[in-house]
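Chains as they are written, first to last, in my numbering: chain A, 2 to 191; chain B, 2 to 191.
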């Protein structure tokens, strides 16, 4: 796959085959992609916690909010939940601001996941104090993101935005539709 | 190239063959990669200005800070400056916070640039008010990042960090050395 194909395929997925296991080596190899990516002033302040065992997965799951626009859907049912999580933390001993480092890192990891036939969701809407408690994360770390990963079982399609409405939606066949702005709208000058 | 090779090759470059021209279509195709990437709550608040003509390049260049750790180097000499810039703005009519959107977008664009044989630098250290003035950017947009792009003429090597020293450095042959933390250091638990 070239990068365009990889990015097109890297959609946000929220329903997975939970029986599919993601081993620790796979998660480590994904973090290694983030490790090799750019970091502001090369400070490299990000730290990672890898989660793929069932009990910890349940703990992490309880701290996440899913799909704000799907107001009648509380998140994936048991059996369709993520097989693994990568928690991204900011090490406050190294820096007190993390700029775009976790955005860069998250994109590297999600692209790597796609290449491995996986998919997932970058989740910023996290009950951070609860996650800190259940995962025993000290105050020296800021909770930045949780990446949910699994084998996707849903179909996601991109569409051209209509009437400036950015809300994604699900049809009767549970296909997930995502409106995207056009190049003409987002490029101000060229 | 697989994603690992692409990320390994996507180093921060600050010296370019300035005679090499980057056409507008190339810049548009790079922004399209960002357009297709994840955006928080799918709001897609980012806007882009593409710069590849000589006069505008000089204006943008005057607003940038280069390589904080190379204290005796003020930036690339004429002839080694970027061939193009992509300015990333946040549209405040759409959102008043941009989360990690510009980090995700920047990484997609830089990976796409690598695939095209280009390279560059994600610059957050920008004289934002000056850039706003010289590029006539209204207050409705927040200046988030400037991506400098060109045909790299420097060699960059990754090394394992020593003594917790993250400062990159240049040797006598002008090879640029970048210390990276190890997986053992950045993965807290697995």
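In this text, a Cβ means the ideal position worked out from N, Cα and C, and glycines have one as well.
| query | How would you call residue 79 of chain B, buried or exposed, if buried means at least 16 neighbouring beta carbons within 10 angstroms? | reply | Residue 79 of chain B is classed as exposed because its beta carbon has fewer than 16 other beta carbons within 10 Å across all chains shown.
| message | Using 8 Å for Cβ pairs, my map puts residue 47 of chain B next to residue 106 of chain B. What's the rounded Cβ distance? | response | Contact between residue 47 of chain B and residue 106 of chain B holds: their C-beta atoms lie close to 6 Å from each other, under 8 Å.
| message | Under 8 Å, Cβ to Cβ, is there at least one residue of chain B near residue 44 of chain A? | response | Residue contact check for residue 44 of chain A against chain B: a CB pair falls below 8 Å.
| message | In this structure, how does DSSP classify residue 151 of chain A when only helix, strand and coil are distinguished? | response | The three-state reading of DSSP puts residue 151 of chain A in strand, counting E and B together.
| Under 8 Å between C-beta atoms, does residue 81 of chain B make it to chain A? | Using a Cβ-Cβ cut-off of 8 Å, residue 81 of chain B does not count as an interface residue toward chain A, since no Cβ of chain A sits closer than that to its own.
| Taking 8 Å as the CB-CB cut-off, is residue 140 of chain B touching chain A? | Output row for residue 140 of chain B: interface = no.
| Is the Cβ of residue 182 of chain A closer than 8 Å to any Cβ of chain B? | By the rule that beta-carbons nearer than 8 Å mark a contact, residue 182 of chain A touches chain B.
| task | For my contact list, residue 4 of chain A and residue 49 of chain A are in at a C-beta cut-off of 8 Å; report their separation, rounded to the angstrom. | result | The beta carbons of residue 4 of chain A and residue 49 of chain A sit about 24 Å from each other, so the pair does not count as a contact at 8 Å.
| Beta-ladder partner(s) of residue 17 of chain A, from DSSP | In DSSP, residue 17 of chain A forms a bridge with A:153.
| message | Quick check on residue 33 of chain B - is its C-beta less than 8 Å from some C-beta in chain A? | response | Among the CB atoms of chain A, one or more fall inside 8 Å of the CB of residue 33 of chain B.
| For a contact meaning CB atoms closer than 9 Å, what does residue 148 of chain B contact in chain A? | By Cβ distance, chain A contributes nothing, its closest Cβ being about 11 Å from residue 148 of chain B, past 9 Å.
| task | Provide the residue span of the alpha helix (DSSP H) that contains residue 59 of chain A, from first to last. | result | Unbroken alpha helix (DSSP H) run through residue 59 of chain A: 55-62.
| request: Reducing DSSP to helix, strand and coil, say where residue 22 of chain A ends up. | output: Coil at residue 22 of chain A, not helix or strand.
| query | How would you list, in chain order, the residues of chain B whose beta-carbon sits under 7 Å from the beta-carbon of residue 5 of chain A? | reply | Using a Cβ-Cβ cut-off of 7 Å, residue 5 of chain A is close to 34 of chain B, given in chain order.
| task | Within 10 angstroms of the Cβ of residue 85 of chain A, are there 16 or more other Cβ atoms? Answer buried if so, exposed if not. | result | It is buried - the Cβ of residue 85 of chain A has at least 16 other Cβ atoms within 10 Å.
| said: Is residue 177 of chain B near the ligand COA - that is, is its Cβ less than 7 Å away from at least one heavy atom of it? | reply: For the ligand COA, the structure offers nothing, since it holds no ligand at all.
| Taking Cβ positions only, does residue 85 of chain A come closer than 8 Å to chain B? | Chain B, which has no Cβ nearer than 8 Å to the Cβ of residue 85 of chain A, makes this no.
| Cβ-based burial, residue 102 of chain A [other Cβ within 10 Å; buried from 16] | Taking a 10 Å sphere around the C-beta of residue 102 of chain A, we find 16 or more other C-beta atoms and assign the residue as buried.
| Burial state of residue 33 of chain A (16 or more Cβ within 10 Å) | Classification for residue 33 of chain A: buried.
| query | Name the chain A residues that come within less than 8 Å of residue 72 of chain B, Cβ to Cβ? | reply | The premise fails here: residue 72 of chain B is roughly 13 Å from chain A at the closest Cβ pair, so nothing lies under 8 Å.
| query | Can we say the region 142-150 of chain A touches the region 165-176 of chain A, given the rule of at least three CB pairs closer than 8 Å? | reply | By the C-beta criterion, the region 142-150 of chain A is judged not to be in contact with the region 165-176 of chain A, since fewer than 3 inter-stretch pairs fall below 8 Å.
| request: Check whether the region 54-63 of chain A touches the region 135-143 of chain A, taking contact to mean three or more Cβ pairs, one atom from each stretch, closer than 8 Å. | output: Between the region 54-63 of chain A and the region 135-143 of chain A, the count of C-beta pairs closer than 8 Å reaches three or more; the two stretches touch.
| field | Contact with chain B by residue 116 of chain A, beta-carbon distance below 8 Å | value | Yes - at least one Cβ of chain B is within 8 Å of the one on residue 116 of chain A.
| Whose CA, out of B:145, B:113, B:116, B:141, lies closest to the CA of residue 128 of chain B? | Proximity to residue 128 of chain B across B:145, B:113, B:116, B:141 peaks at B:145, based on C-alpha coordinates.
| query | Hey, quick one: how far does the beta strand (DSSP E) through residue 92 of chain B stretch, first residue to last? | reply | For residue 92 of chain B, the enclosing beta strand (DSSP E) has its first and last residue at 85-92.
| task | State the Cα-Cα distance for the pair residue 65 of chain B and residue 23 of chain A, rounded to the nearest angstrom. | result | Computed Cα separation, rounded: 43 Å.
| Residue-chain proximity (residue 108 of chain B, chain A), Cβ-Cβ < 8 Å | For residue 108 of chain B, the answer is yes, since a Cβ of chain A falls inside 8 Å of its Cβ.
| task | Mind checking the region 93-108 of chain A against chain B and listing, in chain order, the residues whose C-beta falls within less than 9 Å of any C-beta there? | result | Result list: 95, 100, 101, 102, 103, 104, 105, 106, 107, 108.
| request: Could you round the C-beta distance between residue 191 of chain B and residue 28 of chain A to whole angstroms and report it? I think they count as a contact, below 8 Å. | output: Rounded, the Cβ-Cβ distance is 7 Å, consistent with contact.
| said: So the candidates are B:143, B:52, B:161, B:25; which of them puts its Cα closest to the Cα of residue 97 of chain B? | reply: The shortest C-alpha separation from residue 97 of chain B is found at B:143.
| field | Sequence-distant residues of its chain with Cβ nearer than 7 Å to residue 123 of chain B (five each side left out) | value | So the qualifying residues of the chain are 107, 111, 146, 148.
| Cβ shell of residue 1 of chain B (< 8 Å), same chain only, five flanking positions each side left out | Outside the modelled stretch of chain B, which goes from 2 to 191, sits residue 1 of chain B, for which no answer is possible.
| task | Tell me whether the beta-carbon of residue 17 of chain B lies closer than 8 Å to the beta-carbon of residue 81 of chain B. | result | A Cβ-Cβ contact shorter than 8 Å links residue 17 of chain B with residue 81 of chain B.
| In whole angstroms, what separates the C-alpha of residue 2 of chain B from that of residue 39 of chain A? | Cα-Cα distance, rounded: 19 Å.
| Between residue 22 of chain A and chain B, is there a C-beta pair that is closer than 8 Å? | Cβ-Cβ to chain B under 8 Å: no for residue 22 of chain A.
| query | Ends of the alpha helix (DSSP H) at residue 133 of chain A? | reply | Residue 133 of chain A -> alpha helix (DSSP H) spans 129-135.
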